[in-house]
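Engineer: I have a structure I would like to understand better, so I am pasting it below and will then ask my questions one at a time.
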Amino acid sequence: MKVALTPPAIEQHAYYWLFQRNQQKIGVHVVNGWCTQLREEEPLYFDADERCVLLMILLELTPGEFTQHLADAKRLRPEYSENIKHFPLTRLLGYTLHSALSDYWPSKALDWLDEHVALQHLLANELDYTSTNKSLSQSLRQRAKRMVRGLLSDAMRKPAHRKDVFSLRGV
56 MKVALTPPAI EQHAYYWLFQ RNQQKIGVHV VNGWCTQLRE EEPLYFDADE RCVLLMILLE
116 LTPGEFTQHL ADAKRLRPEY SENIKHFPLT RLLGYTLHSA LSDYWPSKAL DWLDEHVALQ
176 HLLANELDYT STNKSLSQSL RQRAKRMVRG LLSDAMRKPA HRKDVFSLRG V
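When the letters of the sequence shown are read in order and numbered with my numbering, they come out as residues 56 to 226.
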């Protein structure tokens, strides 16, 4: 089942839910930032890499769909815009590349990295790991290896700076 964009987004107390799939909602808290809620349980915040497994479903959206939906949400509810723009994309992509045991999610992460080329420098270690992870298919490893090679050729031009949160400033 595909992730549903929730237009207009559902506001519930201090939460602004932006995505929904089955009984999972993903959105932002007015103070604490990005979170998810399964059924009616207490929301979980993305303060640890392991929790990014709950965000991986968003990689099924295209980066364009995702970015446009966030832009619309920020326009409709400007009081949430600061938290919306701090979606933990770098953390999500890094976790996905480093933890997956099949090709599906890493392939989605590489699709996003094709669109967000600037993040490739931030995820060089994860791309290198993916390029040598024998549990992944050869074609996926080679795709990651091409990104690593591209980074190595760019290495002489500018140093990489790692951030845990990718800011969607252009949104």
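Think of the CB as a built atom: it goes at the ideal place given N, C-alpha and C, for glycine as much as any other residue.
Assign THR117 to buried or exposed, taking buried as 16 or more other Cβ atoms, counted over all protein chains shown, within 10 Å of its Cβ.
Structural biologist: Taking the first residue of the sequence shown as 1, we reach residue 117 at position 62. It is exposed - the Cβ of THR117 has fewer than 16 other Cβ atoms within 10 Å.
Engineer: By the 10 Å Cβ neighbour count, where 16 or more other Cβ atoms means buried, how is HIS68 classified, buried or exposed?
Structural biologist: Within the sequence shown, the letter at position 13 stands for residue 68. HIS68 should be labelled exposed.
Engineer: Report the rounded CA-to-CA distance for ASN138 versus SER186, giving the unit in angstroms.
Structural biologist: Mapped onto the sequence shown, residue 138 falls at position 83. Mapped onto the sequence shown, residue 186 falls at position 131. Answer to the nearest angstrom: the Cα atoms are 33 Å apart.
Engineer: Quick one: what's got a C-beta closer than 6 Å to TYR184's C-beta in the same chain, skipping five residues either side?
Structural biologist: Here the question's residue 184 lines up with position 129 in the sequence shown. So the qualifying residues of the chain are HIS153.
Engineer: Give the DSSP-derived three-state secondary structure of LEU60 in the structure shown.
Structural biologist: Numbered from 1 along the sequence shown, position 5 holds the residue referred to as residue 60. LEU60: strand per DSSP, three-state reduction.
Engineer: So, do the stretch 168–184 and the stretch 199–207 have three or more beta carbon pairs nearer to each other than 8 Å?
Structural biologist: yes
Engineer: Please report the straight-line C-alpha distance between LEU93 and MET111, rounded to a whole angstrom.
Structural biologist: Position 38 of the sequence shown, counting from 1, holds the residue named residue 93. Position 56 of the sequence shown, counting from 1, holds the residue named residue 111. Each residue's alpha carbon lies about 14 Å from the other.
Engineer: Going straight from the alpha carbon of ALA173 to that of GLU95, what length do you get?
Structural biologist: Within the sequence shown, residue 173 is the residue found at index 118, counting from 1. Within the sequence shown, residue 95 is the residue found at index 40, counting from 1. Their Cα atoms are separated by approximately 37 Å.
Engineer: Per DSSP, what kind of secondary structure is LYS163 in: helix, strand or coil?
Structural biologist: Residue numbering aside, residue 163 sits at position 108 when the sequence shown is read from its first letter. In the structure shown, LYS163 sits in a helix (DSSP, three-state: H, G or I).
Engineer: Quick one: Cα of ALA175 to Cα of ARG196, how far?
Structural biologist: Locating residue 175 in the sequence shown gives position 120, counting from the first residue. Locating residue 196 in the sequence shown gives position 141, counting from the first residue. According to the sequence shown, residue 175 is Gln rather than Ala. Each residue's alpha carbon lies about 15 Å from the other.
Engineer: State buried or exposed for PRO161, treating a residue as buried only when at least 16 other CB atoms are found within 10 Å of its CB.
Structural biologist: For this step, residue 161 is matched to residue 106 along the sequence shown. The residue is buried, with at least 16 neighbouring Cβ atoms inside 10 Å.
Engineer: So, is GLY119 buried or exposed, given that buried needs 16 or more other C-beta atoms within 10 angstroms?
Structural biologist: Looking up residue 119 in the sequence shown gives position 64. Counting Cβ neighbours within 10 Å, GLY119 comes out exposed, since fewer than 16 surround it.
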